[in-house]
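In full-length UniProt numbering, the protein residues as written are 1 to 331.
Scroll down for the structure; my scribbles are underneath it.
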């Protein structure tokens with residue numbers, strides 16, 4: 001209850017101060033209006049001298065009157081200074097907001113330029129470091145070769161080439177072994193499935209050699225396993241695609257010599273890739289001499305074409321060659 005009474009009393013006192021200030025301002029306005037009217041009457045009674053000197057004297061008298069008069073000051077406790085300060089503060093805030101809004105686009109543009117300059121500076125620093133290291137390397141080579149005999153330099157170059165050739169041969173052997181493992185472990189069974197009428201390589205990832213024995217229907221789906229008659233039919237199909245197996249054994253030997261579709265497809269892929277690689281090396285950069293003639297269309301050839309590893313001859317679909325990636329990089 002005491003707080004409410006105190007707040008009410010403060011509000012009433014503030015309202016009284018504002019009312020007093022308003023009345024004081026109105027009184028001053030009336031005084032200035034009366035002085036203005038009196039000045040206008042005097043001006044009407046006494047015309048200003050037509051000369052410039054007379055007008056100057058009149059202006060001087062007016063300025064002297066203003067300087068000699070007591071300036072208007074609000075009474076103690078008036079809210080006028082606070083109102084004037086509040087108006088000035090509000091005006092400053094509005095001008096600052098307008099200035100910030102006008103500079104937002106310029107600030108964003110400068111920030112983007114700063115990021116671009118920082119990125120360019122980083123690139124230049126990296127380039128400078130690379131050039132510095134290259135210069136040091138060239139200087140070291142020049143200083144080491146300045147006192148070397150020509151035959152020593154030639155021997156050094158030959159040794160470097162020999163080491164490089166050995167590295168290439170070693171890496172080629174590793175890559176070929178990895179390729180053969182990939183063919184045997186993953187690719188061969190999918191190639192066999194495509195050749196036997198199943199889905200193309202990559203569409204069925206979980207097919208295995210046992211599934212191939214059942215064969216595929218017209219929709220490319222696996223059939224249900226059948227008896228020995230189905231196995232014999234599947235074996236004839238394998239012989240038609242990849243050729244008959246060698247050997248004329250019977251009984252257990254004949255069963256062991258039955259050709260497996262996955263192994264036949266893998267052997268076909270290895271043979272085709274080997275022929276393509278050898279022909280590419282023998283061509284020595286000539287694209288027209290790098291083609292291999294296919295005896296018939298195979299799943300292995302289709303897979304290489306789909307994988308963008310090989311390409312058809314522009315005029316003969318039964319001839320393909322490897323894409324010479326190394327030559328494209330050298331060019």
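Each residue gets a CB set at the ideal place from its N, CA and C atoms; glycine is no exception.
Please determine, among 269, 150, 137, the residue with the shortest C-alpha to C-alpha distance to residue 182.
On the chain shown, residue 182 is found 182 positions in, with the first residue counted as 1. Of the listed residues, the one whose Cα sits closest to residue 182 is 269.
Collapsed DSSP secondary structure at residue 319 in the structure displayed:
Position 319 of the chain shown holds residue 319. Residue state, collapsed to three classes: strand.
Just how far apart, CA to CA, sit residue 100 and residue 117?
Locating residue 100 in the chain shown gives position 100, counting from the first residue. Locating residue 117 in the chain shown gives position 117, counting from the first residue. Each residue's alpha carbon lies about 24 Å from the other.
Close beta carbons around residue 128, own chain, < 8 Å, minus the five adjacent residues each side:
Along the chain shown, one-based indexing puts residue 128 at 128. So the list is empty, once near-sequence residues are dropped.
So, at 7 Å on beta carbons, what are the nonlocal neighbours of residue 1 in its own chain, with the 5 sequence-adjacent residues on each side left out?
Within the chain shown, numbered from 1, the residue matching residue 1 stands at position 1. Note on residue 1: pLDDT 48, under 50, position unreliable in the model; the coordinate value appears next. Answer for residue 1: no residue qualifies.
Please report the straight-line C-alpha distance between residue 152 and residue 294, rounded to a whole angstrom.
Your numbering for residue 152 matches position 152 in the chain shown. Your numbering for residue 294 matches position 294 in the chain shown. Cα to Cα, the separation comes out at about 50 Å.
How would you write the range of the alpha helix (DSSP H) that residue 267 sits in, first residue to last?
By 1-based counting over the chain shown, the position of residue 267 is 267. From DSSP, the alpha helix (DSSP H) with residue 267 extends over 261 to 283.
Going by CA-CA distance only, name the one from 65, 22, 56, 310 that's closest to residue 35.
Here residue 35 is taken as the residue at index 35 of the chain shown, counted from 1. The shortest C-alpha separation from residue 35 is found at 65.
Using 10 angstroms around the beta-carbon of residue 260, count the other beta-carbons present and answer buried if the total reaches 16, otherwise exposed.
Counted from its first residue, the chain shown places residue 260 at position 260. Counting Cβ neighbours within 10 Å, residue 260 comes out buried, since at least 16 surround it.
In whole angstroms, give me the CA-to-CA distance for residue 277 and residue 203.
Within the chain shown, numbered from 1, the residue matching residue 277 stands at position 277. Within the chain shown, numbered from 1, the residue matching residue 203 stands at position 203. C-alpha separation (whole angstroms): 27 Å.
Tell me whether residue 88 sits in a helix, a strand or coil according to DSSP, three-state version.
Residue numbering aside, residue 88 sits at position 88 when the chain shown is read from its first letter. Helix, per DSSP.
Buried/exposed call for residue 303, threshold 16 Cβ in 10 Å
Your numbering for residue 303 matches position 303 in the chain shown. By the neighbour-count rule (16 or more Cβ atoms within 10 Å), residue 303 is buried.
Residue 189, DSSP secondary structure in three states
Residue numbering aside, residue 189 sits at position 189 when the chain shown is read from its first letter. Correct three-state label for residue 189: helix.
Close-in-space but distant-in-sequence residues of the same chain around residue 164 (CB under 6 Å, 5 per side omitted)
Position 164 of the chain shown, counting from 1, holds the residue named residue 164. If we look at residue 164 and ignore the five residues flanking it on each side, it has no Cβ neighbours.
Please work out which residues of its chain come closer than 8 Å, Cβ to Cβ, to residue 301, disregarding the five sequence neighbours upstream and downstream, and give them in chain order.
Position 301 of the chain shown, counted from the start, is the residue given in the question as residue 301. So the qualifying residues of the chain are 272, 294, 310, 320.
Would you call the CB atoms of residue 317 and residue 265 closer than 8 Å?
If you number the chain shown from 1, residue 317 lands on position 317. If you number the chain shown from 1, residue 265 lands on position 265. Result no, Cβ atoms of residue 317 and residue 265 do not sit closer than 8 Å.
Expressed to the nearest angstrom, what Euclidean distance is found between the alpha-carbon atoms of residue 179 and residue 283?
As a first step, residue 179 must be located in the chain shown, where it is residue number 179. As a first step, residue 283 must be located in the chain shown, where it is residue number 283. About 23 Å.
Taking Cβ positions, are residue 292 and residue 306 nearer each other than 8 Å?
The residue given as residue 292 occupies position 292 in the chain shown. The residue given as residue 306 occupies position 306 in the chain shown. No. Outside cutoff.
Cβ-based neighbour list, residue 81, same chain, cut-off 7 Å, excluding 5 preceding and 5 following
The residue labelled residue 81 in the question sits at position 81 within the chain shown. Closer than 7 Å at Cβ, skipping near neighbours: 74.
Which ranges does the alpha helix (DSSP H) cover as unbroken runs of at least 4 residues, wholly within the stretch 119 to 181, from first to last along the chain?
none
Which residues share a DSSP beta bridge with residue 312?
In the chain shown, counting from the first residue as 1, residue 312 sits at position 312. Paired residue(s): 320.
Taking buried to mean at least 16 other C-beta atoms within 10 Å of its own C-beta, is residue 298 buried or exposed?
Counting from one through the chain shown, the residue named residue 298 turns up at place 298. Its Cβ being crowded by 16 or more others within 10 Å, residue 298 is buried.
I'd like to confirm the pairing. Which residues does DSSP put opposite residue 97 in its beta bridges?
Within the chain shown, numbered from 1, the residue matching residue 97 stands at position 97. Residue 97 is not bridged to any residue.
Can you tell me where the alpha helix (DSSP H) with residue 304 in it begins and where it stops?
Here the question's residue 304 lines up with position 304 in the chain shown. Segment 299 to 306, the alpha helix (DSSP H) holding residue 304.
For residue 19, which of 166, 324, 79 has the nearest alpha-carbon?
Numbered from 1 along the chain shown, position 19 holds the residue referred to as residue 19. Nearest C-alpha to residue 19: 79.
Using DSSP's beta-bridge definition, name the partner residues of residue 200.
Position 200 of the chain shown holds residue 200. According to DSSP, residue 200 bridges with nothing at all.
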